[in-house]
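Trainee: The structure under discussion is supplied below as structure tokens; questions concerning it will follow.
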Amino acid sequence: MFRSVLQISKNITGLRGMGIVELSRCAMSTETSPAAGVNSFKTLAVTVPQPFVYHVELNRPDRLNAMNNTMWLEIGECFSQLSQDEDCRVVVLSGAGKLFCAGIDLQDMTQMGAKLADQEDVARRCKILGATIKTYQNSLTALEKCNKPVIGAVHGACIGGGINLIAATDIRYCTSDAWFQVKEVELGMTADVGVLQRLPRLMGSASLVNELCLTARKFPAAEAGATGFVSKVFEDKSKMMTEALTVAGSIAEKSPVAVQGTKRNLVYSRDHTVQEGLDHVADWNQIMLQSEDFINASVALATKSPTPIFSKL
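Going from the sequence shown to the working numbering is simple: count from 1 and add 605.
In structure tokens form, the structure reads like this:
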């Protein structure tokens with residue numbers, strides 16, 4: 606870090622002496638383009654509405670974006686790819702059609718029941734169920750493991766698997782007509798893909814979380830906002846998406862070294878003690894503070910120059 610500080614000082618002095626700074630802000634386009642380098646999917650639509658910002662839509666509007674087996678698998682595959690895609694710096698996640706997500710596709714549950722019925726031995730049935738549960742868990746955890754921040758944008762209903770999915774995002778917005786439901790107890794099952802583990806960390810009241818999960822009560826946008834589950838509530842989907850893309854663009858302009866490091870340390874600190882989190886970020890920054898991003902960003906701030914254009918990571 607000492608070497609970086611010295612380099613910053615030299616750069617500032619040199620730039621002031623020359624009277625110029627070769628730093629400029631990356632212009633943000635409003636056009637949407639296909640996502641190059643990312644697989645095409647049957648249940649997801651992936652586009653690039655502006656540089657370094659990717660938009661992932663749940664794309665089964667005819668089925669109210671119900672999560673079938675293909676969607677579960679594609680969510681994990683998509684976010685694993687985006688985590689490695691250097692052209693992607695932030696992701697906006699939304700749903701196509703009249704609502705965000707109607708939950709798990711019950712037709713798939715029927716097919717799973719038929720598959721289990723073919724197995725007489727309990728151990729073999731357990732193996733099938735266990736493997737399926739772990740696969741679905743890993744698909745949603747892919748959002749957390751994704752190096753890029755994920756902004757969830759919910760309109761209309763967000764039920765069952767949908768709230769499990771949105772709970773794995775980093776920033777959550779919704780429209781005023783949105784509502785949420787941890788529905789699994791109504792299906793005679795325990796939620797098993799993340800909402801019971803994540804929701805207590807996202808809402809301020811353990812009593813409220815217990816109530817919502819044990820009763821399957823629907824809770825509206827206003828309650829989601831008041832409890833901190835979402836950070837902003839918007840009048841309609843258009844305004845929500847405009848703000849989500851604006852925030853995404855702001856994040857995309859920042860150093861990817863800084864943004865990815867911040868996400869990784871936030872997720873790590875959530876599951877560890879304060880001291881463990883401090884030790885982790887110290888180890889992280891003793892390496893990352895030597896990045897040119899730190900030097901260039903500090904120079905720009907000190908000289909009141911435009912935000913630098915950061916290299917891909």
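Positions of the beta carbon are idealized from the N, C-alpha and C atoms, including for glycine. Note that this is a predicted model, so its numbers are computed, not measured.
#1: Starting from residue 729 and walking both ways along the alpha helix (DSSP H), at which residues does that stretch end?
#2: Specify, as a first and last residue, the run of the alpha helix (DSSP H) that residue 885 falls within.
#3: Measure from the alpha carbon of residue 828 to the alpha carbon of each residue in 779, 662, 746, then state which is nearest.
#4: Taking the alpha-carbon of residue 816 as reference, which of 723, 734, 788 has the nearest alpha-carbon?
#5: Give me the residue from 676, 730, 685, 689 with the minimum Cα distance to residue 709.
#6: Mark residue 754 as exposed unless 16 or more other C-beta atoms lie within 10 angstroms of its C-beta, in which case mark it buried.
#7: Leaving out the 5 sequence neighbours to the left and right, which residues in its chain are closer than 6 Å to residue 671 when beta-carbon positions are compared?
#8: Does the distance from the C-beta atom of residue 922 to that of residue 898 stay below 8 Å?
#9: Straight-line CA distance for residue 722 to residue 646?
#10: Hey, is the region 715–730 in contact with the region 828–847, meaning 3+ C-beta pairs nearer than 8 Å?
#11: Out of 732, 654, 893, 913, point me to the one whose CA is closest to residue 858's CA.
#12: Would you call the region 729–736 and the region 693–702 touching, i.e. three or more CB-CB distances under 8 Å?
#13: Helix, strand or coil for residue 706, going by three-state DSSP, please let me know.
#14: Excluding the 5 residues preceding and the 5 following residue 776 in the sequence, name in chain order all residues of the same chain whose CB lies nearer than 6 Å to its CB.
#15: Going by DSSP, what residues sit across from residue 825 in a beta bridge?
#16: My understanding is that residue 673 touches residue 649, with C-beta atoms under 8 Å, so please give their C-beta distance in whole angstroms.
#17: Just grab the DSSP bridge partners of residue 758 for me.
Mentor: Well, looking at it:
#1: For the purposes of this step, residue 729 is taken as the residue at position 124 of the sequence shown. First-last of the alpha helix (DSSP H) with residue 729: 727–750.
#2: If you number the sequence shown from 1, residue 885 lands on position 280. 879–893 is the span of the alpha helix (DSSP H), which, as asked, contains residue 885.
#3: What you label residue 828 is simply residue 223 of the sequence shown in a count that begins at 1. Shortest Cα-Cα distance from residue 828 to any of 779, 662, 746 involves 779.
#4: Locating residue 816 in the sequence shown gives position 211, where the first residue counts as 1. Cα-wise, what sits closest to residue 816 is 788.
#5: Mapped onto the sequence shown, residue 709 falls at position 104. Of the candidates 676, 730, 685, 689, the one whose C-alpha sits nearest the C-alpha of residue 709 is 676.
#6: Your numbering for residue 754 matches position 149 in the sequence shown. Flag for residue 754 reads buried.
#7: Taking the sequence shown and counting its residues from 1, the one referred to as residue 671 is at position 66. Excluding positions up to five away in sequence, the list reads 707, 710.
#8: Here the chain has residues from 606 to 918 only, and residue 922 is not among them.
#9: Numbered from its first residue, the sequence shown carries residue 722 at position 117. Numbered from its first residue, the sequence shown carries residue 646 at position 41. Cα to Cα, residue 722 sits roughly 30 Å from residue 646.
#10: no
#11: To locate residue 858, count along the sequence shown from 1; it is residue 253. The shortest Cα separation from residue 858 among 732, 654, 893, 913 belongs to 913.
#12: no
#13: One-based indexing of the sequence shown puts residue 706 at position 101. Here residue 706 sits in strand by DSSP.
#14: One-based indexing of the sequence shown puts residue 776 at position 171. Around residue 776: 756.
#15: For this step, residue 825 is matched to residue 220 along the sequence shown. DSSP output for residue 825 lists 784 as bridge partner(s).
#16: Locating residue 673 in the sequence shown gives position 68, where the first residue counts as 1. Locating residue 649 in the sequence shown gives position 44, where the first residue counts as 1. Contact flag wrong, Cβ pair sits at about 12 Å.
#17: As a position in the sequence shown, residue 758 is number 153, starting the count at 1. Per DSSP, 778.
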